[in-house]
Amino acid sequence: METKVIKKVDTIFDVVECNYIQVLEKTLAKTADEIILDIIDSGLKGRGGAGFPTGLKWKFTKNEENAVKYVICNADEGEPGTFKDREILDRVPEKVFTGMAICGYAIGAKEGYIYLRGEYNFLKQDLQMKIDLFNSQLADRDFDFKVFLRSGSGAYICGEESALFDSMEGLRGEPRNKPPYPTVAGYNLKPTAINNVETLVYVTMICRMGPESFKALGTKDSRGSKVFSVSGDTPTPGIYELELGMPLNQFVDEFGDGDTKAVQVGGASGHCVPRKKYNDTIIGFEGIPTGGSMMIFNSTRSMYNVLHDYLEFFTEESCGQCTPCRVGCQQLLKGIEAVKKGDKKPSYLEDLKKLAATMKIASKCGLGQSVSNPFNSIVDNFREEIIY
Amino acid sequence: MSKYLVNLKVNNIPVTVEEGTTILDAARKLNFHIPTLCYHEDLTVAGNCRVCLVEVAGSRSLAASCATPVSEGMEVLTNSKNVRSARKNVVELLLSEHNADCTKCFKNGHCELQTLSSEYQIGQHLFIDLVKTKDKIVDISSPSIAKDDSKCIRCQRCVRTCSELQAVGALAVINKGDHQRISTFLNKPLSEVVCTNCGQCINRCPTGALTERSYIEEVWDAINDPSKHVVVETAPAVRVALGEDLGFEAGERVTGKMVAALRHLGFDSILDTDFTADLTILEEGTELLTRLKKALVDKDEKVSLPMFTSCSPGWIKFIEHMFPEYLPNLSTCKSPQQMFGALAKTYYAQKKNINPKNMVCVSIMPCTAKKFEAGRPELRDSGYQDVDYVLTTRELAMMIKQAGIDFMKLEDMEYDSIMGESTGAAVIFGASGGVMEAALRTAYEIISGRDVPFTNLNIVPVRGMEGVKEAKVMLKDVKPEWGFLEGVEVSIAIAHGLANAKKVVESIKNGTANYHFVEIMGCPGGCIGGGGQPIPTSPEIRQKRADAIYAEDEGLPLRKSHENPEVQYLYKEFLGEPLGHRSHDLLHTHYKPRKRY
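Residue numbers (my numbering), protein chains in the order written: chain U, 766 to 1153; chain F, 11 to 607.
Shown next as structure tokens:
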């Protein structure tokens, strides 16, 4: 499989090179179809974690016939271990707005909304100021698009796109049944292109540099670079933009503390990779996809505690509407507690793994569907720590 | 617009259905049964219980068949290994958060979760019991509805019922994750919120989480107390639904068997709410004509029109909370149940020489709101609580079973007299539009001296299941004393289900509609779809019950309320005239505004 040598890049946070107004003017000179073709050609996939091809999403939304469409920037960055969107919105918000405006032009939307995580309210005042300036700059150029800011209230589930729409509409944030997908019926049941913060910045960068230079980085399945949130047992925690397609062992060499026992790739809902699998693990859509969270654990950490924390998190953050997720999370949590205490036999872990498998195929949304990722990868690789 | 047709395969059998059809419906077309819990025909689709999962070729996850539309070339498996195993897991999970105290549950034998766990042979619990002790405290604050959170499976059918069908919103989902539950505004007890006690949530609860407050034991105690004379009254809609809980198909009329069963149970007098339904027509009809006269002749601007019917206690509490400014528009007539209670403990007691102190008045109702109504402080005009206990159709069926009565084999019996006689006009009170039809039959004849101008007295435009029905009746060639009504076109409307009631009141409020008389029933279909009726309910079942109501009407010798000889006798012997002094004291009342929260 194609792999890349770990490489730090600086496109996202580079402000010297990027004049967003110039990018915007240059891009708006193109037709909507040309822009969408560029984005498709670049191979850009959603940076929120699910990895849906951005250009296709835009194409579907554009193809819907509706006078009202929306662009939404998903800034409900709630995945444990992820903090890159906060940094992006703090340091280069204009690049995000620009991506939104380009998207609005491409799909035919006049309104764009940033759904900001409730815990990031401290960014609000500054963001609103910059949004106002940006909107006036658009108005000066007679470009009919406006960015608005909406605040979440702290529920993890509202990062799920359809729950986010419900939340914006003033409803209880719960994932909807799909289909219809957001491109057909999203916010206010209108065609909606919803993209992650980082994705929108890459849109701006692709429009500035052209798809070719974006494609020059990364692998066939994972084009470009990505922003990673590095945390845990590392001497150098922080935000790093890295080329996609690197093997995990190189990442651990770069960021680990020499005693790295496991890396949780993709946050609480991601996979836990133990030391023995570093060499075979590629960070990218062909290997382990990630929204950017890289949590590093060294040998002082109990993987039972790690899993217990994750399960507590999901038990609390499940919206509670669907059975597999609401009850399943509780059962997994109580289950490992019972095994640890000896109230259930170690073989009960097999029942729980079967339950996790059910949750993966039976839950209504990505939350319940992904709990099996950490559960199975931690139980399989650190079984002794769970039992004893 | 004609819909596209979609071809798919369910369990390898090809089927063609209209675009937009769900997988569930497509499978049902082929007679493949897929279990459901959160799905209900009367409600929007939730797709949250996940027991209707099916496998769709090419999809990584299973699909909720109730919520997934078919697509061309789709290949669906409803009973694959994956499906069975996931479905079983889901039911096991539901059981782990369910207080499976089945043997003493009112829903034992009718519980959808119980049926499902039996189908999937789920015995000892695989998973850890998650039922919280605090959830076992049942909310019995309401005299109508008991809410037991420990039995709740969070399907949200009650929540959707309360908001979609009833526009009440007393029940809502609160919290998330393991704390998610169905609750009320600020977690207040049911008795302190906008709940109208309609019981539609009970009709749609798949488990025993929502049930009626049961008064069976109190009624047994009264029957067994030799010092008490226990009078029972039966509402119109009970006779066309009771059979469903006792072995009959929906739509079976069991009036005679019901009377026989009540006699076997030991009630002392078996009387009919239909009697006071006829009486209601005379009182309410006179009230309407009086209001019209005030408006048309006296030009009294204070007279409140349209006049709303006041038979449905769910509707009464709804208007008290939601539209208190329209309380003057309510007919002052008590509901037939309450007219009955007031007369039982005065007129009937006198005639039969019974001390009303020793009387117990029990009513059998298709309704849970009637339980609340019976306890209203406004309704004690006999000097006692007019109606002591209200049992639902379901509770009566339970008593009949407890008594070991073979209901299906009972010989028909007749109601006792007096207050047991009724007409077809009273029976149709049980279906939406029935009160209107009964009122028109009588009022039209009083005004014109002629039968209503509809074949065989059947006023078809006011019948049927449409949410809001409207009609106009032109009054011509009226009797001289009603001359002020000559040429008046009386405009009427009928709504059933409180969401439709809300629509009608709002259209009156914003001036887009203008009526003289409006019939409103709190429950979908009227009383035949009441919150105390046998479970399950569906549009089809309600239609069958309504058909039975109209068949019962057609089969009766008298079909106009004013022709009821016992009602005529009552006026002659006791009341004097409609809206007379005694009527005013015993049969009429006023209601007060309530807050929304």
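By construction, the Cβ of each residue, glycine as well, lies at the ideal position given by its N, Cα and C atoms.
Please report the Cβ distance between residue i and residue j, rounded to the nearest whole angstrom; I am assuming they are in contact, meaning their Cβ atoms lie under 8 Å.
i, j, result
"K834(U)", "A874(U)", "4 Å"
"A379(F)", "P323(F)", "4 Å"
"N17(F)", "E82(F)", "6 Å"
"L585(F)", "T356(F)", "So it is not a contact: roughly 10 Å between Cβ atoms."
"P956(U)", "N831(U)", "5 Å"
"K39(F)", "V25(F)", "6 Å"
Looking at the unbroken beta strand (DSSP E) that takes in residue i, where does it start and where does it end?
i, result
"G820(U)", "From DSSP, G820(U) is part of no beta strand (DSSP E) but of the alpha helix (DSSP H) over T819 to N828."
"F960(U)", "Strictly speaking, residue 960(U) in this sequence is Asn, with Phe absent from that position. From DSSP, the beta strand (DSSP E) with N960(U) extends over T957 to N961."
"H135(F)", "Careful: H135(F) lies outside any beta strand (DSSP E) and carries neither H nor E."
"M484(F)", "V478 to M484"
"G1159(U)", "Because chain U is modelled from 766 through 1153, residue 1159(U) falls outside the range shown and cannot be assessed."
"C1037(U)", "H1036 to P1039"
"Y835(U)", "Y835 to A840"
"E915(U)", "This sequence places Arg at residue 915(U); Glu is not what is there. Looking at the DSSP string, the run of the beta strand (DSSP E) that includes R915(U) is K911 to S916."
"R460(F)", "Run containing R460(F): none; DSSP gives neither H nor E here."
"A182(F)", "A182 to I184"
Work out the CA separation of residue j and residue i for me, nearest whole Å.
i, j, result
"R170(F)", "Q1086(U)", "13 Å"
"R390(F)", "L580(F)", "20 Å"
"D998(U)", "K144(F)", "41 Å"
"G9(F)", "S571(F)", "The question about residue 9(F) has no answer here: the residues shown for chain F are numbered 11 through 607."
"K822(U)", "A958(U)", "7 Å"
"P246(F)", "P199(F)", "32 Å"
"L292(F)", "I438(F)", "15 Å"
"T819(U)", "I1143(U)", "31 Å"
"Y399(F)", "R569(F)", "30 Å"
"G542(F)", "K602(F)", "25 Å"
"V1038(U)", "A1027(U)", "5 Å"
"G507(F)", "V514(F)", "11 Å"
"L1098(U)", "S1058(U)", "22 Å"
"L126(F)", "V101(F)", "7 Å"
"I33(F)", "S75(F)", "5 Å"
"F1157(U)", "G68(F)", "Residue 1157(U) lies beyond the stretch modelled for chain U, which goes from 766 to 1153, so this question has no answer here."
"W325(F)", "G539(F)", "14 Å"
"A558(F)", "L256(F)", "17 Å"
"P334(F)", "R604(F)", "7 Å"
"N784(U)", "M970(U)", "10 Å"
"R451(F)", "A503(F)", "16 Å"
"K911(U)", "E876(U)", "5 Å"
"M531(F)", "K114(F)", "33 Å"
"P544(F)", "T244(F)", "15 Å"
Taking the continuous alpha helix (DSSP H) assigned at residue i, which residues delimit it?
i, result
"L9(F)", "Chain F is shown from 11 up to 607; residue 9(F) falls before or after that span and cannot be answered."
"H331(F)", "P323 to M332"
"A505(F)", "Unbroken run through A505(F) is the beta strand (DSSP E), E499 to H506; no alpha helix (DSSP H)."
"M84(F)", "No alpha helix (DSSP H) holds M84(F); DSSP gives it neither H nor E."
"E227(F)", "I226 to N234"
"R851(U)", "K849 to R856"
"K267(F)", "T265 to L275"
"F382(F)", "A379 to A384"
Determine which residues share a DSSP beta bridge with residue i and list them.
i, result
"T244(F)", "D282(F) and I374(F)"
"P1012(U)", "I1047(U)"
"M1059(U)", "V995(U) and V1030(U)"
"T32(F)", "P79(F)"
"E65(F)", "L87(F)"
"P24(F)", "K19(F)"
Tell me, please, whether the stretch 207–224 of chain F touches the stretch 159–178 of chain F by the rule of three or more beta-carbon pairs shorter than 8 Å. yes
Assess, as a yes-or-no matter, whether the stretch 446–466 of chain F is touched by the stretch 483–490 of chain F under the definition of 3 or more beta carbon pairs within less than 8 Å. yes
Counting pairs of beta carbons, one from the stretch 1020–1033 of chain U and one from the stretch 1070–1084 of chain U, are three or more of them closer than 8 Å? yes
Quick check: the stretch 421–429 of chain F against the stretch 576–588 of chain F, are there 3 or more CB pairs under 8 Å? yes
Would you call the stretch 181–195 of chain F and the stretch 366–379 of chain F in contact, with 3 or more CB pairs under 8 Å? no
Below 8 Å, can you find three or more Cβ-Cβ pairs linking the stretch 797–806 of chain U to the stretch 913–932 of chain U? no
Does the stretch 156–170 of chain F come close enough to the stretch 47–56 of chain F that 3 or more CB-CB pairs lie under 8 Å? yes
Any 3 or more C-beta pairs closer than 8 Å across the stretch 25–37 of chain F and the stretch 69–82 of chain F: yes
Are at least three pairs of beta-carbons, each pair with one atom in the stretch 1040–1053 of chain U and one in the stretch 1100–1120 of chain U, less than 8 Å apart? no
Stretch-stretch touch, CB-based, cutoff 8 Å, three pairs: the stretch 217–233 of chain F with the stretch 105–122 of chain F: yes
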